[in-house]
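Protein chains in written order, with the working numbering: chain V, 1 to 328; chain C, 1 to 373.
Even glycine gets a Cβ: it sits at the ideal position worked out from N, Cα and C.
Beneath this line is the structure, given in structure tokens, with notes to follow.
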Amino acid sequence: MQFPWTKTDRPRPSGVDDGDAIVVSGLRKTFGDFVAVDSVDFRVKRGEIFGFLGPNGSGKTTTIRMLCGVIAPTSGGGTVMGYDVVDEPERVRENIGYMSQKFSLFQDLTVDENLRFYSGIYGLTPEKYAERRAYILRMADLEGRENELTGNLSVGWKQRLALGCATIHEPKLIFLDEPTSGVDPTARRQFWELLNDLANEGVTLFVTTHYMDEATHCNRLAFIYRGNIIAEGTPQEVKADLTADTILQIAVDRGEEALAALEGLESVDEGYMQGSLVHVNLGRRTAEDAGLREFLVDHGFEVGAIDRVEPTLEDAFVHLVTQQGGRA
Amino acid sequence: MNLRRLRLIMWKELVQLRRDRLLLPLIFIMPIMYVIMFGYVVGADVRNLPTAIVDGDHTVTSQRLTDAFSSSGYFVITQRPANEASLKGLVDSGQVKVAIIIERGTEAALTRGETVPLGVIVDGADSKTASVASGYAAEIVAAFDRGLLEKAGRAAGGPVLDARVRVMFNPSLKSVNAMVPGLVASILMLSIMVIMSQAVVRERARGTLEQMMVTPITRAEYLTGKVLPYVAIAAVQMTFIVLIGRYWFGVPFNGSVWTVALGLILFTLTSVGMGLLISLVSKTQQQAQQTVMFVMIPTMVLSGFIFPIESVPAAIVPLTYVIPLRYALVVLRSAFLKGSGVLDLWAPLTAMVVFAVVIFGLAVSRFRKRLAE
Chain V
1 MQFPWTKTDR
11 PRPSGVDDGD
21 AIVVSGLRKT
31 FGDFVAVDSV
41 DFRVKRGEIF
51 GFLGPNGSGK
61 TTTIRMLCGV
71 IAPTSGGGTV
81 MGYDVVDEPE
91 RVRENIGYMS
101 QKFSLFQDLT
111 VDENLRFYSG
121 IYGLTPEKYA
131 ERRAYILRMA
141 DLEGRENELT
151 GNLSVGWKQR
161 LALGCATIHE
171 PKLIFLDEPT
181 SGVDPTARRQ
191 FWELLNDLAN
201 EGVTLFVTTH
211 YMDEATHCNR
221 LAFIYRGNII
231 AEGTPQEVKA
241 DLTADTILQI
251 AVDRGEEALA
261 ALEGLESVDE
271 GYMQGSLVHV
281 NLGRRTAEDA
291 GLREFLVDHG
301 FEVGAIDRVE
311 PTLEDAFVHL
321 VTQQGGRA
Chain C
1 MNLRRLRLIM
11 WKELVQLRRD
21 RLLLPLIFIM
31 PIMYVIMFGY
41 VVGADVRNLP
51 TAIVDGDHTV
61 TSQRLTDAFS
71 SSGYFVITQR
81 PANEASLKGL
91 VDSGQVKVAI
101 IIERGTEAAL
111 TRGETVPLGV
121 IVDGADSKTA
131 SVASGYAAEI
141 VAAFDRGLLE
151 KAGRAAGGPV
161 LDARVRVMFN
171 PSLKSVNAMV
181 PGLVASILML
191 SIMVIMSQAV
201 VRERARGTLE
211 QMMVTPITRA
221 EYLTGKVLPY
231 VAIAAVQMTF
241 IVLIGRYWFG
251 VPFNGSVWTV
261 ALGLILFTLT
271 SVGMGLLISL
281 VSKTQQQAQQ
291 TVMFVMIPTM
301 VLSGFIFPIE
311 SVPAAIVPLT
321 YVIPLRYALV
331 VLRSAFLKGS
341 GVLDLWAPLT
351 AMVVFAVVIF
361 GLAVSRFRKR
371 LAE
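Spelled out as structure tokens, the structure:
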């Protein structure tokens, strides 16, 4: 099957900076025999929120580190904000912001000291620093708490302060590596509002996440799996492949066991748990054909509602990984 | 190397240290405690040895000699047996460590201008105590003899007591003299290794190292900014030790400042290198702690810091040559106490240069590579 957004069908980037925030061609990184990133190509337009998705160990972080000029690629390369990641890593680092899931603040420094440190590192003038400090304190809802130790802040505040520190020099491109993992849903939503604000100001965001609901915030997505980009496009394009398929959401007791049983059926292409519900993809078959309810009841499960649902990004993701012969 | 960024990294490092409620007091209490502990306990002179005196003379001279021993502070006269026969039992049972035998007719012989033997028996069970006690006894007798000669108005060849003790080595009455230069080197090494490896490991575990590597901070700036504050702290600690040694224990400084400085710089590089290597192999602060212990114990035992190299079994001696502290001790002790210059100390200094180049070089090159991963 070929789709407009699959990797093989896409024109290869020329490697020339034509104004895109990120242009990557043939980027490859190996550690010994292990191929962490296998000659990937992609580009990120200025001002877009680019979601970089994939299971743990698939090469997300390695790719980011190469793009930030922290580690050198084994071969291939790319440009970030017009600077070559191999030849000009210092220039790259001056022009990007970076925030990881660890919210890498100095826990034993105060809020103010963290801001002062990063503003000094990026060489902000005193006037600029005063302006950015006021903005970040307001944005992170930390006004009046400037002298608190960062380690004592709750996670949501830490996360927003980390974003503030990473963007104190107003970079036009920000890398966010799993920025919301371990954060409660309210704080996650607030955080995404901040990211949307940044995007509205024209800042390019390169976000990795494994929360599929967050991926829907992105203008474009790339799925990386085992070092290869297996799909790329807008969320709608990525899901397009599945719109003709029948995706069923099944409420059943002992979901894991039910899933294992269902996966043995020939009519079930793919299945996985979505919370306590089982999702199965029947391909082009209809729900009636599959006879899933009878099958489950026969096997002693208590079956609740079975609904046909619109494919989610998670469905698309499972589908893509299954096509690659692996498991999500 | 951007000085603004370098200054910021050092500032941050010192603020973090100031917030550390445990480490900060430790940094200043440790050298004081160590120098006092080692100065009084390990390097302590043997005092208050239980002593028996067999006074066969019963004269003013024998009484004065007895007083000379008891007033020295090294000997406490606990037994006054009537004859030598009972001495063996006292020594065997450990009731006395030292016995002094003043023969009958000692005063009379001295008056005649003769040299008179004085018996000193030392319990050899504890070789250190024995040798130190012998040395003290010899000194007391020598001082007593000087008094006799003065009284007789003669410089030499007069009536003297001849203390018949075997002095196994010339005991340094103040072993703290050798201890202080040794402590300077050990604390330098311990301090830099512990605090620096902890600081680096903590930074990596918390992700701040990763964060700094995506800022314009270069690796050279990070390394320098990390190393300099801890070298400065070690310098403060060493100053503490030297001052306490100098003004509390009266340790003389006869040395060349330049030789001492050269030795300290070389040893600092080695210590920084070891600290960095430890931070490279350790994933957690606990691991770093254990690795430091793993390195420090053999260093303390085999370097000659506490036990003289001469007391190390021959089979283990080759091992002492790979202990950097061994050479630092030789250089610092000689430079401190004897005023040895660079030329006198070329051999240990060469070894120190080799260690500094190899360990520091290896650490920095490995560290620069690993910073990214």
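When you compare each of the options to residue i by their alpha carbons, which one comes out closest?
i	options	result
Ala-162 (chain V)	V:Val-44, V:Gly-271, V:Met-66, V:Phe-117	V:Phe-117
Ala-21 (chain V)	V:Gln-323, V:Ser-119, V:Arg-46, V:Ile-168	V:Arg-46
Met-30 (chain C)	C:Ile-217, C:Leu-337, C:Ser-186, C:Asn-254	C:Ser-186
Val-301 (chain C)	C:Glu-103, C:Val-35, C:Ile-316	C:Ile-316
Lys-88 (chain C)	C:Ile-140, C:Phe-240, C:Ala-52	C:Ala-52
Arg-370 (chain C)	C:Met-10, C:Phe-240, C:Leu-209	C:Leu-209
Val-37 (chain V)	V:Gly-283, V:Thr-246, V:Thr-62, V:Asn-56	V:Thr-62
Glu-256 (chain V)	V:Ala-166, V:Leu-149, V:Leu-296, V:Asp-213	V:Leu-296
Asn-147 (chain V)	V:Asp-298, V:Val-111, V:Met-81, V:Arg-189	V:Val-111
Val-194 (chain C)	C:Gly-273, C:Ala-82, C:Pro-348	C:Gly-273
Thr-167 (chain V)	C:Leu-243, C:Gln-211, C:Leu-8	C:Gln-211
Val-252 (chain V)	V:Glu-232, V:Tyr-211, V:Glu-294, V:Thr-234	V:Glu-294
Gly-147 (chain C)	C:Leu-188, C:Leu-110, C:Val-120	C:Leu-110
Measure from the C-beta of residue i to each C-beta in chain V and report whether the shortest distance is under 8 Å.
i	result
Pro-31 (chain C)	no
Leu-329 (chain C)	no
Gln-285 (chain C)	no
Pro-25 (chain C)	no
Arg-366 (chain C)	no
Met-196 (chain C)	no
Glu-210 (chain C)	yes
Met-213 (chain C)	yes
Leu-22 (chain C)	no
Ser-233 (chain C)	The question names Ser, yet the displayed sequence has Ile at residue 233 (chain C). With 8 Å as the cut-off, Ile-233 (chain C) does not count as an interface residue toward chain V.
Lys-374 (chain C)	Outside the displayed span of chain C (1 to 373) sits residue 374 (chain C), for which this structure offers no information.
Spatial neighbours of residue i within its chain, please: CB distance less than 6 Å, with the 5 preceding and 5 following residues excluded, ordered by chain position.
i	result
Asp-162 (chain C)	Thr-115, Pro-117
Pro-252 (chain C)	none
Asn-170 (chain C)	Only weak support exists for where Asn-170 (chain C) lies, its pLDDT of 32 falling under 50; the coordinates are left without a value.
Val-91 (chain C)	Asp-123
Val-280 (chain V)	Leu-248, Leu-262, Val-268, Gly-271
Could you give the first and the last residue of the continuous alpha helix (DSSP H) run that contains residue i?
i	result
Met-66 (chain V)	60 to 67
Tyr-225 (chain V)	No alpha helix (DSSP H) contains Tyr-225 (chain V), which is instead part of the beta strand (DSSP E) from 220 to 225.
Pro-126 (chain V)	126 to 139
His-319 (chain V)	313 to 323
Asp-92 (chain C)	87 to 92
Glu-214 (chain V)	212 to 215
Strictly under 8 Å for the Cβ-Cβ distance: is residue i near chain C by that measure?
i	result
Val-238 (chain V)	no
Arg-160 (chain V)	no
Lys-102 (chain V)	yes
Ile-121 (chain V)	yes
Thr-98 (chain V)	In the sequence as displayed, the identity of residue 98 (chain V) is Tyr instead of Thr. Yes, its Cβ sits closer than 8 Å to a Cβ of chain C.
Val-70 (chain V)	yes
Which two residues bound the contiguous beta strand (DSSP E) that contains residue i?
i	result
Val-252 (chain V)	247 to 252
Met-99 (chain V)	96 to 100
Arg-308 (chain V)	303 to 309
Gly-77 (chain V)	75 to 80
Asp-112 (chain V)	That residue, Asp-112 (chain V), is in no beta strand (DSSP E); its alpha helix (DSSP H) goes 111 to 121.
Gln-287 (chain C)	Run containing Gln-287 (chain C): none in the beta strand (DSSP E); it sits in the alpha helix (DSSP H), 285 to 302.
Alpha carbon to alpha carbon, how far is residue i from residue j?
i	j	result
Val-358 (chain C)	Arg-4 (chain C)	30 Å
Phe-175 (chain V)	Pro-311 (chain V)	28 Å
Arg-132 (chain V)	Val-260 (chain C)	49 Å
Leu-198 (chain V)	Leu-26 (chain C)	46 Å
Leu-17 (chain C)	Pro-298 (chain C)	29 Å
Tyr-327 (chain C)	Gln-287 (chain C)	28 Å
Ser-131 (chain C)	Arg-21 (chain C)	46 Å
Pro-50 (chain C)	Gln-95 (chain C)	7 Å
Pro-89 (chain V)	Asn-196 (chain V)	28 Å
Met-296 (chain C)	Leu-190 (chain C)	7 Å
Leu-14 (chain C)	Thr-243 (chain V)	59 Å
Phe-31 (chain V)	Val-330 (chain C)	45 Å
Gln-236 (chain V)	Leu-320 (chain V)	15 Å
Excluding five sequence neighbours on each side, which residues of the same chain lie with their C-beta closer than 8 Å to the C-beta of residue i?
i	result
Thr-284 (chain C)	Val-201, Ala-205
Thr-186 (chain V)	Gly-156
Gly-182 (chain V)	Gln-101, Val-155
Leaving out five residues before and five after residue i in sequence, what residues of the same chain have Cβ atoms less than 7 Å from its Cβ?
i	result
Phe-367 (chain C)	Leu-223, Leu-276, Leu-280
Val-44 (chain V)	Asp-20, Ala-21, Ile-22, Phe-50, Thr-204, Phe-206
Asn-2 (chain C)	Glu-221
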